[in-house]
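There are 2 protein chains.
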Amino acid sequence: MQIAILTFDGFNEIDSFVACNILNRVRGWKASIVAPAARVSSRSGVTVEAQQPLEFAASSDAVIVGSGSKTDAISKDRATLDRIRLDPQRQLVASQCSGALILNALGLLASRRACTDHVTKPLFDGTGIEILERAFHADGNLASAGGCLAAPYIAAWMMMRAAGEKAVRDVLYQVAPIDEKDAYIDRVIAAVKPYVALTALQGAAS
Amino acid sequence: MQIAILTFDGFNEIDSFVACNILNRVRGWKASIVAPAARVSSRSGVTVEAQQPLEFAASSDAVIVGSGSKTDAISKDRATLDRIRLDPQRQLVASQCSGALILNALGLLASRRACTDHVTKPLFDGTGIEILERAFHADGNLASAGGCLAAPYIAAWMMMRAAGEKAVRDVLYQVAPIDEKDAYIDRVIAAVKPYVALTALQGAAS
Numbered sequence: 002m003q004i005a006i007l008t009f010d011g012f013n014e015i016d017s018f019v020a021c022n023i024l025n026r027v028r029g030w031k032a033s034i035v036a037p038a039a040r041v042s043s044r045s046g047v048t049v050e051a052q053q054p055l056e057f058a059a060s061s062d063a064v065i066v067g068s069g070s071k072t073d074a075i076s077k078d079r080a081t082l083d084r085i086r087l088d089p090q091r092q093l094v095a096s097q098c099s100g101a102l103i104l105n106a107l108g109l110l111a112s113r114r115a116c117t118d119h120v121t122k123p124l125f126d127g128t129g130i131e132i133l134e135r136a137f138h139a140d141g142n143l144a145s146a147g148g149c150l151a152a153p154y155i156a157a158w159m160m161m162r163a164a165g166e167k168a169v170r171d172v173l174y175q176v177a178p179i180d181e182k183d184a185y186i187d188r189v190i191a192a193v194k195p196y197v198a199l200t201a202l203q204g205a206a207s
Numbered sequence: 002m003q004i005a006i007l008t009f010d011g012f013n014e015i016d017s018f019v020a021c022n023i024l025n026r027v028r029g030w031k032a033s034i035v036a037p038a039a040r041v042s043s044r045s046g047v048t049v050e051a052q053q054p055l056e057f058a059a060s061s062d063a064v065i066v067g068s069g070s071k072t073d074a075i076s077k078d079r080a081t082l083d084r085i086r087l088d089p090q091r092q093l094v095a096s097q098c099s100g101a102l103i104l105n106a107l108g109l110l111a112s113r114r115a116c117t118d119h120v121t122k123p124l125f126d127g128t129g130i131e132i133l134e135r136a137f138h139a140d141g142n143l144a145s146a147g148g149c150l151a152a153p154y155i156a157a158w159m160m161m162r163a164a165g166e167k168a169v170r171d172v173l174y175q176v177a178p179i180d181e182k183d184a185y186i187d188r189v190i191a192a193v194k195p196y197v198a199l200t201a202l203q204g205a206a207s
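Laid out in structure tokens, this is it:
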């Protein structure tokens, strides 16, 4: 399982690295920082090296579009968008916070609804996209999360979809705070499991 | 307010970057990735550039010792330890997970107790250090957290100590999951506030 974490200049460290760390704990899974240049710098000036170019997303099994301080401009940059080829028919695709702007620019928000953060929300005014006041939402293979610290929800959703609930519990146990692990795991699973169950039902009915 | 986030080869991305992102949101604060080399790579192979050398910790107002897959070896490497000069008399100092091994190697666990993760805990056997089964603990200016996702507790403790509870609430509001913000903020504040209150009482009594 290859997961591409799209990370642009001005990126939010929580949005790219929390899911990266969690997903790399699943046996046989490889989550990579995928960027438009050899190096990108975060909103607070931390520079990281890309592990893969943007084009890697097209061949990945799952993709997370990260957030950052320049996402609005990036979502209008046709040259960058043309390098991102995503297909929710065969990939799990998720956006974190302002990453939803890029999913929309790519024409992927077919459900016309998504989660994002409070700063990004007004940028969807007039687009016809309904911004949901919740931390996580998924329609089939397309998910979105709002609020940086909702990043574990995206990771948990991908694990539950592609590795099962036991993998979610085992991996979250490794990263959850000491003495709060059971409550933390239950909270995350409660946030994502209804969407996974609904997708399974829809798959069975189709 | 300068905060040094000590980040070693094999580092855990959550442990270094979550606090970095949160603390950089406080007006006038600068949290930097501080490393022993110009570049360090995470446990899953993400390479980041150091923003400051290890020696920067000595002149910082606050220091977080991050965690990682090689911390046990680093905590026995005298050449590296000699570059880290910390003084909890004048600095806020915190360790995340296996970072407690480094605080102990530096002789800073004067209280003989700390939080860490379940993998690191057995490495304290025979040291006389009591490992607490909780996510966060502080004795005066020295704090420790256990479980990667306890990282916001360290950030919140530093903000409450040096910027006040309103700053904690304002900054956590920016990063907490949508529709869970109040509950999230209350949970984090409940975890750290008793320690801040106790330190204030001890300061008033001394």
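Here the protein sequences come in this chain order: A and B.
All residue numbers in the first sequence are consecutive under the numbering used here, ending with 207.
All residue numbers in the second sequence are consecutive under the numbering used here, ending with 207.
Glycine included, every Cβ here is placed at the ideal spot set by N, Cα and C.
{"Query": "Using a Cβ cut-off of 8 Å, pull out every chain B residue sitting near Ile34 of chain A, in sequence order please.", "Result": "Val47"}
{"Query": "Does any CB atom of chain B fall closer than 9 Å to the CB of Gly141 of chain A?", "Result": "no"}
{"Query": "Could you give the distance in angstroms between the alpha-carbon of Thr81 of chain A and the alpha-carbon of Asn142 of chain B?", "Result": "47 Å"}
{"Query": "Quick one: which chain B residues come within Cβ less than 7 Å of Phe18 of chain A?", "Result": "Glu14, Ile15 and Phe18"}
{"Query": "Assign Val19 of chain A to one of two classes, buried (16 or more other C-beta atoms within 10 Å of its C-beta) or exposed (fewer than that).", "Result": "buried"}
{"Query": "Which value, in whole angstroms, describes the spacing of the CA atoms of Asn22 of chain B and Tyr174 of chain B?", "Result": "13 Å"}
{"Query": "With Leu93 of chain A and Ala59 of chain A assumed to form a contact (beta carbons below 8 Å), what rounded beta-carbon distance in angstroms separates them?", "Result": "Not confirmed; about 14 Å, so no contact."}
{"Query": "With H, G and I counted as helix, E and B as strand and the rest as coil, what does DSSP make of Gln53 of chain B?", "Result": "strand"}
{"Query": "Going straight from the alpha carbon of Val197 of chain A to that of Leu199 of chain B, what length do you get?", "Result": "45 Å"}
{"Query": "Have a look at Gln53 of chain B and Glu166 of chain B and give me their C-alpha separation to the nearest angstrom.", "Result": "29 Å"}
{"Query": "Return the residue from the list A:Pro37, A:Ala32 and A:Trp30 that minimises the CA-CA distance to Asp10 of chain A.", "Result": "A:Pro37"}
{"Query": "Please determine whether the Cβ atom of Thr128 of chain B lies at a distance below 8 Å from any heavy atom of the ligand COA.", "Result": "Although the ligand COA was asked about, the structure shown includes no ligands whatsoever."}
{"Query": "Since Thr1 of chain B and Gly100 of chain B should fall inside the 8 Å C-beta cutoff, what is the C-beta to C-beta distance between them, to a whole number of angstroms?", "Result": "This structure gives no information on residue 1 of chain B, because the portion of chain B shown stretches from 2 to 207."}
{"Query": "Bridge partners for Gln3 of chain A per DSSP, in chain order?", "Result": "A:Lys31"}
{"Query": "If you measure from the beta carbon of Pro153 of chain A to each beta carbon in chain B, is any gap under 9 Å?", "Result": "yes"}
{"Query": "Closest by CA to Ala5 of chain A, which one among A:Ala74, A:Gly46, A:Lys71 and A:Ser96?", "Result": "A:Ser96"}
{"Query": "Tell me Ala21 of chain A's beta-bridge partners as DSSP assigns them.", "Result": "Reading the sequence as shown, one finds Cys at residue 21 of chain A and not Ala. DSSP, once it has assigned bridges, lists no residue as partnering Cys21 of chain A."}
{"Query": "9 Å is my cut-off, CB to CB: does Lys182 of chain A come that close to chain B?", "Result": "yes"}
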